[in-house]
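Have a look at the structure below, then the notes.
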Amino acid sequence: MDGMADAEIGRTQGVVAALPASSTTEGLLSFDADLHVGLVNGRAVALLGLSRTARQARGLHDMLEASPRLDRDAVASLLAACLAATLPDAEEEAALRLPGAPGLHFAIRRASGGSWTIAVFAETLLASGAAGFDPLTGLADRAMFEARLAAALDRPPRRRTGSAVLLCDIEGIRAVNQVLGHAIGEDLLRAAARRLQAAVRDADLVARMAGEEFAVLQSDVEDGERAAALGGRLVELLGRPYLIGGEVVIVTPRIGVAVSPNDGASAGELLRRAAMARNEIGVEGTGGFRRFSLEMDRRWQEQRALEIALREAVAACAFELHYQPQLALPEGRLTGFEALIRWRHPERGLLAPDVFLPAAERLGLMRRIGTWVLQEACRMAAKWPAPLTVAVNIAPAQFEDGGLPAAVAEALAASGLPPSRLELEVSETVLLASAESALHQLLDLRQSGVRIAMDDFGTGHSSLTQLRVFPFDRLKIDRSFIQDLPAGGDAAAIVRAVAGLGRSLGIAVTAEGVETMEQLRQLCAEGCDAAQGFYFGRPVPIALVPDMIGRLGQAAVPA
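Residue numbers for the sequence shown follow the numbering used here, beginning at 12 and rising by one.
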């Protein structure tokens, strides 16, 4: 405890009582009739979270006020009880439990030589899992952490020091629970808690907030450098391998840091901004720590505004579809269009799907959006000359309840579009996420006459495996391979291999992202069946589709 023994002798006057033998299990500090502090043991220092400076306080009021684990009301109540204990007719012992000191309780006792002691207890509360402490790890819980943080921020200016919140998420514990069992997962949480507790000072508070989320309240922070240094140490320490139940376990810590007063003046604001910084790190990767910045808050505000407007747009079906032509090779005959969603934002104008669809996925809106796209695309395509087709992308959320075949049948029936003129594009992500359920639904759809295409072929880890379990009608080569043609040797080899695979399996192959004549000529040479991209035309609103049909209906691919 920074050189302080468990029974440190105070330098203030008039206090000579020795600490009792029970000091190893309870915090003890003594005072005299003038409320001068005498003896303070290390357990009291830890339980009250006293900093090095606070330990040197001569007055009881100053010492208690410096504790981040006592709010103003708790300090006032405890001082009043200490004054009452010094009166001639006071009881030998008085017990207190204070709302402003969750997880702690106190006993004020008369000692010998005109002195009194305050005993601070926490061990019995830890054992019973009472409010204020997490029963699994023994750390403070969320309620205690928030109370301590609020108390630290609410101190008088002359006694207020900077505080930092380090919010830590440990990725990998859920996987441990699934693979090795919850007992190993709980041992891992306890081990992580011990590492956190060992890495901080006595004056700092460590809490388990929920699940695999921990937090550290770092006191006496003059600037962000000290908090950043602690964040770096915690990432390194928590990322070291664990030996749990004979198993070596490695997890990934992500830590967000927010420092008062620059990053926030209230407990809620600091916690929110620490979470914002942590989420900037991303779920995948090696982990790390990040300090909050105002740029993060600006992005968060923009994202929040986008999500509010997106909910309103979904409720009003305020989207539109643009259509990109698809042509058969080598003759260059127009075969249909791919329907691509756009959102005409009231302030930001026309937005591409990569701007708002990730937010729609987070908000659980993709099923409603996907249903609207399907219905609108079928309604518009029914007006085109036969046999032009329309291709529609299907999101994973549309497979979740098993209702995709019914939704497709309803869209076809309402529009009058024949099933053979509808092609559904699914990515490997869809198949991996929904597994057997998705395959059953796709088989039902294919039997109804709807065609099925695998989108972004070649970018996943098991595309060939998917070809073994489902008979796709079309493979769409991802644009990342096309953009390197004709110079890219590897890209050309991949295109050649996919085209050959398609011929062998009787599956049509479409190249996406075609932008130049040179790319088109090589695709024809490699035997690709179809193509789409800016070379033929950018996606256009429905009003311009008739003109595009007229123009491309007369087009031919140059030799």
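A virtual CB, placed ideally from N, CA and C, is assigned to each residue, including glycine.
With residue i and residue j assumed to form a contact (beta carbons below 8 Å), what rounded beta-carbon distance in angstroms separates them?
i, j, result
"L245", "P264", "7 Å"
"A238", "A175", "4 Å"
"I488", "V506", "6 Å"
"V384", "L428", "Wrong, their Cβ atoms sit about 14 Å apart, outside the cutoff."
"L178", "R302", "Contact doesn't hold; Cβ gap of about 12 Å is too wide."
"V86", "L98", "Between L98 and V86 the Cβ distance is about 20 Å, and since that is not below 8 Å, they are no contact."
"Q409", "G381", "5 Å"
"I405", "E436", "7 Å"
"L450", "F483", "Contact flag wrong, Cβ pair sits at about 11 Å."
Please report the distance separating the alpha-carbon of residue i from that of residue j.
i, j, result
"N188", "A541", "47 Å"
"A112", "Q452", "57 Å"
"R185", "A95", "52 Å"
"R219", "R69", "34 Å"
"A11", "D234", "Outside the shown range of the chain (12 to 570) lies residue 11, about which nothing can therefore be said."
"A269", "E157", "14 Å"
"R80", "M155", "8 Å"
"E529", "G222", "55 Å"
"A101", "C93", "10 Å"
"C539", "D274", "56 Å"
"V580", "L456", "This structure does not reach residue 580, given that the chain is present from 12 up to 570, and the question cannot be answered."
"D145", "G114", "10 Å"
"D198", "G183", "13 Å"
"G143", "L160", "13 Å"
"R432", "T440", "24 Å"
"D213", "S277", "23 Å"
"F225", "G250", "14 Å"
"A510", "D180", "45 Å"
"D165", "A77", "11 Å"
"A393", "Q386", "11 Å"
"E323", "R309", "22 Å"
"V217", "R121", "33 Å"
"L39", "G49", "10 Å"
"V211", "H72", "26 Å"
"D82", "E313", "36 Å"
"E318", "A503", "41 Å"
"P416", "S459", "9 Å"
"E104", "I266", "45 Å"
Mind checking which residues open and close the alpha helix (DSSP H) that includes residue i?
i, result
"L585", "Beyond the ends of the chain as shown, which are 12 and 570, falls residue 585; an answer cannot be given."
"I184", "I184 to L191"
"G279", "A278 to N290"
"E157", "R153 to L164"
"G243", "G235 to L249"
"L254", "No alpha helix (DSSP H) holds L254; the beta strand (DSSP E) holding it covers Y253 to I255."
"S426", "L415 to S426"
Starting from residue i, trace the beta strand (DSSP E) both ways and give me its first and last residue.
i, result
"F303", "Looking at the DSSP string, F303 is not in any beta strand (DSSP E), and its letter there is neither H nor E."
"N404", "T400 to N404"
"R485", "R485 to I488"
"G38", "G38 to D43"
"D467", "R462 to F468"
"Q494", "Per DSSP, Q494 belongs to no beta strand (DSSP E) and is neither H nor E."
"S78", "Run containing S78: none; DSSP gives neither H nor E here."
"R532", "Looking at the DSSP string, R532 is not in any beta strand (DSSP E); the run it does join, the alpha helix (DSSP H), is M528 to E537."
"L109", "Careful: L109 lies outside any beta strand (DSSP E) and carries neither H nor E."
"S174", "That residue, S174, is in no beta strand (DSSP E); it is neither H nor E in DSSP."
"E349", "R344 to H356"
"H116", "H116 to R121"
"T521", "A519 to A522"
Specify the secondary structure class of residue i as computed by DSSP and reduced to three states.
i, result
"P552", "strand"
"G143", "coil"
"R315", "helix"
"L89", "helix"
"W383", "helix"
"L61", "coil"
"E103", "coil"
"I195", "helix"
"L228", "strand"
"V262", "coil"
"E331", "strand"
"E436", "strand"
"A96", "helix"
*Count the C-beta pairs between the segment 530 to 544 and the segment 339 to 353 that are closer than 8 Å, then say yes if the count reaches three, no if not.*
yes
*Is there contact here, the segment 199 to 219 with the segment 297 to 310, by at least three beta-carbon pairs under 8 Å?*
no
*Just checking, does the segment 521 to 538 make contact with the segment 558 to 565 on the three C-beta pairs under 8 Å criterion?*
Output reads no: the segment 558 to 565 does not touch the segment 521 to 538.
_Three or more C-beta pairs below 8 Å linking the segment 253 to 267 and the segment 189 to 200_ = Three or more beta-carbon pairs drawn from the segment 253 to 267 and the segment 189 to 200 are found closer than 8 Å, and the two stretches are therefore classed as touching.
_Closer than 8 Å is the cut-off here; do at least three beta carbon pairs connect the segment 278 to 289 with the segment 322 to 339?_
no
_Three Cβ pairs or more, each shorter than 8 Å: is that satisfied between the segment 353 to 362 and the segment 381 to 399?_
no
*Three-pair Cβ contact test at 8 Å for the segment 490 to 502 versus the segment 523 to 530*: Segments in contact, yes.
*asked:* Would the segment 357 to 371 count as touching the segment 421 to 440 if we require 3 or more Cβ pairs under 8 Å?
replied: no
*Spell out a yes or no on whether the segment 122 to 135 and the segment 51 to 62 are touching, meaning 3 or more CB-CB pairs, one atom from each, closer than 8 Å.*
Cβ pair count under 8 Å is three or more, so yes.
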